[in-house]
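Visitor: If you're matching them up, the sequences are chains P and B in order. Start counting the first sequence at 1; every next residue gets the next number (the UniProt record's numbering). Start counting the second sequence at 1; every next residue gets the next number (the UniProt record's numbering). Below you will find the structure I want to go over with you.
Number of protein chains: 2
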Amino acid sequence: MADVAVAAGVSVKTVSNVLAEHPGVREETRARVLTAVDALGYRLNPAASRLRSGRTGVIAFALPHLYQPYFGDVAERVIAEGERHGYTVVIEPTDALLARERAVLSGGRAQQVDGAILSPAALGVIDLQGLHVEGPVVLLGARLDDPPADQVVMDDRGASRTAVAHLLAAGRTRIAAVGTTQDGGSADEREAGYRDALTAAGVPVDPALLLDAPDWDRRSSGAAAAVRLLDSGAPFDAVFCFNDAMAFGVLRVLASRGLRVPEDVAVVGFDNTEQSRFSTPPLTSVDPGQEQIARTAVDLLVRRIEGRTGAPEVVVADHHLVVRESSGGPRTPVV
Amino acid sequence: MADVAVAAGVSVKTVSNVLAEHPGVREETRARVLTAVDALGYRLNPAASRLRSGRTGVIAFALPHLYQPYFGDVAERVIAEGERHGYTVVIEPTDALLARERAVLSGGRAQQVDGAILSPAALGVIDLQGLHVEGPVVLLGARLDDPPADQVVMDDRGASRTAVAHLLAAGRTRIAAVGTTQDGGSADEREAGYRDALTAAGVPVDPALLLDAPDWDRRSSGAAAAVRLLDSGAPFDAVFCFNDAMAFGVLRVLASRGLRVPEDVAVVGFDNTEQSRFSTPPLTSVDPGQEQIARTAVDLLVRRIEGRTGAPEVVVADHHLVVRESSGGPRTPVV
DNA sequence: CTGAAAGCGCTAACAT
DNA sequence: ATGTTAGCGCTTTCAG
Chain P
1 MADVAVAAGV SVKTVSNVLA EHPGVREETR ARVLTAVDAL GYRLNPAASR LRSGRTGVIA
61 FALPHLYQPY FGDVAERVIA EGERHGYTVV IEPTDALLAR ERAVLSGGRA QQVDGAILSP
121 AALGVIDLQG LHVEGPVVLL GARLDDPPAD QVVMDDRGAS RTAVAHLLAA GRTRIAAVGT
181 TQDGGSADER EAGYRDALTA AGVPVDPALL LDAPDWDRRS SGAAAAVRLL DSGAPFDAVF
241 CFNDAMAFGV LRVLASRGLR VPEDVAVVGF DNTEQSRFST PPLTSVDPGQ EQIARTAVDL
301 LVRRIEGRTG APEVVVADHH LVVRESSGGP RTPVV
Chain B
1 MADVAVAAGV SVKTVSNVLA EHPGVREETR ARVLTAVDAL GYRLNPAASR LRSGRTGVIA
61 FALPHLYQPY FGDVAERVIA EGERHGYTVV IEPTDALLAR ERAVLSGGRA QQVDGAILSP
121 AALGVIDLQG LHVEGPVVLL GARLDDPPAD QVVMDDRGAS RTAVAHLLAA GRTRIAAVGT
181 TQDGGSADER EAGYRDALTA AGVPVDPALL LDAPDWDRRS SGAAAAVRLL DSGAPFDAVF
241 CFNDAMAFGV LRVLASRGLR VPEDVAVVGF DNTEQSRFST PPLTSVDPGQ EQIARTAVDL
301 LVRRIEGRTG APEVVVADHH LVVRESSGGP RTPVV
């Protein structure tokens with residue numbers, strides 16, 4: 001840096017100012033510095049910057065699993081968005097382990113990262129409620145009453161309502177729900193939306209049609225639920241799954257039992273992952289607005305890192321339903 | 001660190017030695033230092049370590065896309081394996097862009113990372129052959145004659161041979177191949193394995209059954225290929241797809257045209273991603289040994305970083321075929 | 001708006 | 001096997 005300063009005929013401080021994009025450097029000086037940087041092939045040593053400034057330029061994105069297309073998708077967007085803001089993103093798969101999620105919130109990676117985005121899986125609403133959070137953090141996922149940090153939430157309830165209303169409008173009345181849990185969080189919200197829609201239509205809620213699935217991660221959860229539903233003998237003409245992964249498991253079982261989708265049973269998922277376009281049949285699914293979620297989460301975090309104070313902000317992402325063949329949508333042209 | 005040294009009654013150097021796990025510290029001293037560290041809640045400042053030692057403790061894993069379950073899966077394993085070795089892994093989606101892949105090989109991230117693992121998509125075999133590589137790098141993917149760096153390769157050819165031999169053994173003789181390209185690389189190898197198997201069985205190779213698909217990333221590539229195949233009128237009783245993603249697209253089209261799998265057409269994929277277990281029907285697929293690939297790649301890279309010299313090493317991962325219903329395997333018990 | 005000097009916290013080299 | 005010292009390359013004071 002000293003060499004660059006000499007070449008540009010300025011002090012090191014000015015070089016530093018230019019490279020850090022600090023304001024208050026004359027345009028002409030800036031240009032001269034940049035020329036010298038280029039000429040000498042100089043590059044900032046990030047380790048030294050970090051040591052001196054205390055800022056790492058790194059943010060962590062903690063998510064349950066990367067092999068889930070939904071999270072892969074969000075992760076890719078978060079990485080891109082982070083880069084736009086000048087941050088490197090480190091992905092931290094928590095394996096849905098409580099201890100790892102806690103570590104993120106308690107600043108376990110302090111000194112290593114400037115902040116973190118957490119998509120909790122093990123931590124339920126009750127755990128999160130009013131919890132103490134160390135350092136800049138943005139939460140993804142379920143809505144909380146007393147959020148301990150900024151969050152970007154899906155409108156789980158509203159989105160579910162939309163999905164179920166769509167099935168009702170198609171004349172289905174025996175609609176099963178796959179993915180209920182006792183954990184609170186998204187599952188409860190999605191169940192609430194399901195109940196809202198039925199109630200609004202004057203359709204009674206039949207407990208026999210509520211199928212638990214503690215592990216949303218696996219298609220096998222959906223498959224297992226479908227088997228239980230079929231074996232219970234309860235009549236049904238539609239299945240609303242709390243995510244796409246489980247919906248694929250359900251589709252698989254229905255096909256293996258000789259049931260036609262959507263003729264005999266309509267199926268709707270949640271996430272609108274890319275593969276929903278190519279399942280057999282293509283899956284109707286709620287798009288929870290991943291693009292917006294990633295963008296907003298990084299924005300909120302970066303503003304926190306850069307000094308924003310005040311109460312946690314909550315941003316609700318926009319959602320919409322993508323109707324495909326599994327719920328009677330038009331046969332999509334393949335290709 | 002000075003405080004810890006005082007508390008433990010040793011010099012800072014000793015504290016540093018203990019924390020860096022350098023050899024040559026008496027066990028008793030070590031214990032005393034660790035106690036002091038705990039008591040004071042002391043944590044190494046990684047920025048300072050990096051500045052002084054020049055090592056970052058970070059490795060980059062550059063891959064085309066994270067939303068592809070195959071890469072999400074490998075990425076997760078690489079992250080875990082890196083952690084085991086004390087390294088943080090930074091994922092760098094290249095978007096299959098030539099410039100980004102080149103940047104990895106030419107040490108674009110020097111000073112930021114100690115080394116990189118690259119899974120090339122845009123760079124073909126010819127580009128890679130004998131290319132100059134800057135810094136420790138491990139390549140994933142296709143086998144090269146004159147590798148510029150260590151690599152972990154699949155036995156593309158052998159694995160394809162196994163897959164096609166399986167179809168032949170099941171009595172199929174009109175076997176289409178989906179995913180050929182003119183790029184060289186994995187596509188060529190897989191095509192060669194396909195030809196090997198046919199030739200060995202005395203079955204002629206019909207060019208009408210070779211279906212190009214430049215973009216392996218998308219199920220739509222497989223779907224488009226299947227449409228072309230059907231519209232060509234060429235008879236066929238099996239499809240070997242060069243990856244699972246394309247196979248799902250093919251399954252989708254076959255179903256929409258009323259063809260039964262495996263009765264009318266057997267289908268085999270390549271990657272054995274998790275969703276192959278839950279497609280309709282479950283997909284027979286070649287498992288290319290992702291676990292071993294991730295483990296080996298990190299091992300090779302870390303050993304390079306830690307000073308290994310000499311000619312590039314090449315490790316061929318083990319593969320095996322997982323037979324499921326799409327090629328006439330037994331109906332898998334659902335759940 | 002720019003310059004000079006100090007020092008972030010650690011580890012490498014050398015000494016003991 | 002452990003201690004001493006210097007300095008990695010930058011940014012932050014504080015002056016001008």
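We put the beta carbon where it would ideally sit given N, CA and C, even for glycine. A quick note: this is a predicted structure, and the numbers were derived from the prediction, not measured.
(1) With a threshold of 7 Å on Cβ separation, who are the neighbours of Ala75/B within its own chain once the five nearest residues in sequence on each side are excluded?
(2) Spell out whether any CB of chain P is found under 8 Å from the CB atom of Leu97/B.
(3) Please compile the residues from chain P whose C-beta is within a distance smaller than 7 Å of the C-beta of His65/B.
(4) For the beta strand (DSSP E) that contains Ala169/B, what are its first and last residues?
(5) How big is the Cα-Cα spacing for Ser285/P and Asp114/B?
(6) Whole-angstrom Cβ separation of Ala197/P and Ala213/P, contact assumed at under 8 Å?
(7) Between Gln151/B and Val302/B, how many whole angstroms is the CB-CB distance? I'm expecting something under 8 Å.
(8) Does at least one heavy atom of the ligand HEM sit under 7 Å from the Cβ of Arg295/B?
(9) Report yes if the C-beta distance between Pro288/P and Pro147/P is below 8 Å; otherwise report no.
(10) Excluding the five sequence neighbours on either side, which residues of its own chain have a C-beta within less than 6 Å of the C-beta of Ala36/B, listed in chain order?
(11) Which residues in the same chain as Val10/P place their Cβ atom closer than 8 Å to its Cβ, once the five residues preceding and following it in sequence are excluded?
(12) How would you list, in chain order, the residues of chain P whose beta-carbon sits under 9 Å from the beta-carbon of Glu189/B?
(13) Which residue or residues does DSSP assign as beta-bridge partners of Ser285/P?
(14) Check Gln275/B in the structure and name its three-state DSSP category.
(15) My parser needs the beta strand (DSSP E) runs of 3 or more residues fully inside the stretch 159 to 239 of chain P; what are they?
(16) Would you identify the three-state DSSP class for Asp299/P, choosing helix, strand or coil?
(17) Secondary structure at Val133/P, three-state DSSP: helix, strand or coil?
(18) Should Arg77/B go down as buried or exposed, given a rule of 16 or more other Cβ atoms within 10 Å for buried?
(19) Between the Cα of Leu230/P and the Cα atoms of Ala297/P, Asp264/P, Asp155/P and Leu98/P, which residue gives the shortest distance?
(20) For Ile91/P and chain B, any beta-carbon pair shorter than 8 Å?
(21) Could you name the residues of chain P that Asn45/B contacts, counting a contact when the two beta carbons are closer than 8 Å?
(22) Going by the CB atoms, is the gap between Val18/B and Val25/B shorter than 8 Å?
(23) Looking only at its chain, what residues have a beta carbon closer than 8 Å to the beta carbon of Val335/B, apart from the 5 residues adjacent to it on each side?
(24) Check for me: the beta strand (DSSP E) holding Val314/P runs from which residue to which?
(25) Please check the pair Asp220/P and Gly179/P, which I expect to be a contact at CB under 8 Å, by giving their CB distance rounded to whole angstroms.
(26) Is it right to say Val205/P is buried, meaning 16 or more other beta carbons lie within 10 angstroms of its own, or is it exposed?
(27) For Val298/B and His85/B, which I take to be in contact (beta-carbon distance under 8 Å), what is that distance rounded to the nearest angstrom?
(28) Reducing DSSP to helix, strand and coil, say where Leu63/B ends up.
(29) Using CA coordinates, which residue listed in Leu97/B, Leu321/B and Thr181/B is at the minimum distance from Ser160/B?
(30) If the cut is a Cβ gap below 9 Å, which residues of chain P does Glu313/B touch?
(31) Can we say the stretch 106 to 113 of chain B touches the stretch 36 to 52 of chain P, given the rule of at least three CB pairs closer than 8 Å?
(32) For Gln129/B, count neighbouring C-beta atoms within 10 Å of its own C-beta (all shown protein chains included) and say buried if the count is 16 or more, exposed if not.
(33) By the criterion of Cβ-Cβ separation under 9 Å, what are the contact partners of Pro136/P in chain B?
(34) By the DSSP assignment, the beta strand (DSSP E) with Ala39/P in it spans what residues?
(35) Is Phe240/B closer than 8 Å to Trp216/B when the C-beta atoms are compared?
(36) What's the call for His132/P, buried or exposed, on a 16-neighbour Cβ count within 10 Å?
Guide: Reading it off the structure:
(1) If you number the second sequence from 1, residue 75/B lands on position 75. Same-chain partners within the cutoff: Phe61, Leu63, Leu66 and Ile91.
(2) For the purposes of this step, residue 97/B is taken as the residue at position 97 of the second sequence. For Leu97/B, the answer is no, since every Cβ of chain P falls outside 8 Å of its Cβ.
(3) Numbered from 1 along the second sequence, position 65 holds the residue referred to as residue 65/B. Correct list: Glu76.
(4) What you label residue 169/B is simply residue 169 of the second sequence in a count that begins at 1. Premise fails: Ala169/B lies in the alpha helix (DSSP H), Asp156 to Ala169, not in any beta strand (DSSP E).
(5) Residue 285/P sits at position 285 when you count from the first residue of the first sequence. Residue 114/B sits at position 114 when you count from the first residue of the second sequence. Approximately 42 Å between the Cα atoms of the pair.
(6) Mapped onto the first sequence, residue 197/P falls at position 197. Mapped onto the first sequence, residue 213/P falls at position 213. Contact flag wrong, Cβ pair sits at about 20 Å.
(7) Within the second sequence, the letter at position 151 stands for residue 151/B. Within the second sequence, the letter at position 302 stands for residue 302/B. Contact doesn't hold; Cβ gap of about 15 Å is too wide.
(8) What this structure holds is no ligand at all, so the ligand HEM is not there to describe.
(9) Position 288 of the first sequence, counted from the first residue, corresponds to residue 288/P. Position 147 of the first sequence, counted from the first residue, corresponds to residue 147/P. The answer is no: Cβ separation not under 8 Å.
(10) What you label residue 36/B is simply residue 36 of the second sequence in a count that begins at 1. Result list for Ala36/B: Val4, Ala7 and Ala8, in chain order.
(11) Within the first sequence, residue 10/P is the residue found at index 10, counting from 1. Cβ neighbours of Val10/P beyond the five flanking positions: Thr29, Arg32 and Val33.
(12) The residue given as residue 189/B occupies position 189 in the second sequence. Here the premise fails: no neighbours, minimum Cβ distance about 25 Å.
(13) In the first sequence, counting from the first residue as 1, residue 285/P sits at position 285. The partner list for Ser285/P (beta bridge, DSSP) reads Gly269/P and Val322/P.
(14) The sequence position of residue 275/B within the second sequence is 275, counting from 1. Reduced to three states, the DSSP call for Gln275/B is helix.
(15) 175 to 180 and 210 to 212
(16) Here residue 299/P refers to the residue found at position 299 of the first sequence. Residue state, collapsed to three classes: helix.
(17) Stepping through the first sequence from its first residue, residue 133/P is reached at position 133. Of the three classes helix, strand and coil, the one that applies to Val133/P here is coil, per DSSP.
(18) Here the question's residue 77/B lines up with position 77 in the second sequence. Buried.
(19) If you number the first sequence from 1, residue 230/P lands on position 230. Closest option to Leu230/P, Cα to Cα, is Asp264/P.
(20) Start at 1 with the first residue of the first sequence, and residue 91/P comes out as number 91. Yes, contact with chain B.
(21) Reading the second sequence from its first residue, position 45 is the one you call residue 45/B. Leu51 and Gln111, listed in chain order.
(22) Counted from its first residue, the second sequence places residue 25/B at position 25. Counted from its first residue, the second sequence places residue 18/B at position 18. Taking 8 Å as the Cβ cut-off, Val25/B and Val18/B qualify as a contacting pair.
(23) Along the second sequence, read from residue 1 onward, the residue named residue 335/B stands at position 335. Reliability fails at Val335/B, whose pLDDT of 48 lies under 50, so the model's placement of it is uncertain and the value that follows must be treated cautiously. For Val335/B, where only same-chain residues beyond five positions count, there are no Cβ hits under 8 Å.
(24) As a working mapping, residue 314/P is identified with position 314 in the first sequence. Here the beta strand (DSSP E) through Val314/P covers Val314 to Val316.
(25) Along the first sequence, read from residue 1 onward, the residue named residue 220/P stands at position 220. Along the first sequence, read from residue 1 onward, the residue named residue 179/P stands at position 179. Sequence inspection shows Ser at residue 220/P; the Asp mentioned does not correspond to that position. Contact doesn't hold; Cβ gap of about 13 Å is too wide.
(26) As a first step, residue 205/P must be located in the first sequence, where it is residue number 205. Burial call: exposed.
(27) What you label residue 298/B is simply residue 298 of the second sequence in a count that begins at 1. What you label residue 85/B is simply residue 85 of the second sequence in a count that begins at 1. Yes, Val298/B and His85/B are in contact; Cβ-Cβ is about 6 Å, under 8 Å.
(28) The count along the second sequence starts at 1 and reaches residue 63/B at position 63. It is a strand residue.
(29) Here residue 160/B is taken as the residue at index 160 of the second sequence, counted from 1. Selected option, being the one with the closest Cα: Leu321/B.
(30) On the second sequence, position 313 is the one that residue 313/B refers to. What Glu313/B touches in chain P: nothing, since even the nearest Cβ is about 27 Å away.
(31) yes
(32) Residue 129/B sits at position 129 when you count from the first residue of the second sequence. Counting Cβ neighbours within 10 Å, Gln129/B comes out exposed, since fewer than 16 surround it.
(33) Position 136 of the first sequence, counted from the first residue, corresponds to residue 136/P. Per Cβ cutoff of 9 Å: no residues; Pro136/P is ~18 Å from chain B at best.
(34) Here residue 39/P corresponds to residue number 39 of the first sequence, with the count starting at 1. Careful: Ala39/P lies outside any beta strand (DSSP E), inside the alpha helix (DSSP H) at Glu27 to Leu40.
(35) Against the second sequence, residue 216/B aligns to sequence position 216. Against the second sequence, residue 240/B aligns to sequence position 240. Result no, Cβ atoms of Trp216/B and Phe240/B do not sit closer than 8 Å.
(36) Numbered from 1 along the first sequence, position 132 holds the residue referred to as residue 132/P. Counting Cβ neighbours within 10 Å, His132/P comes out exposed, since fewer than 16 surround it.
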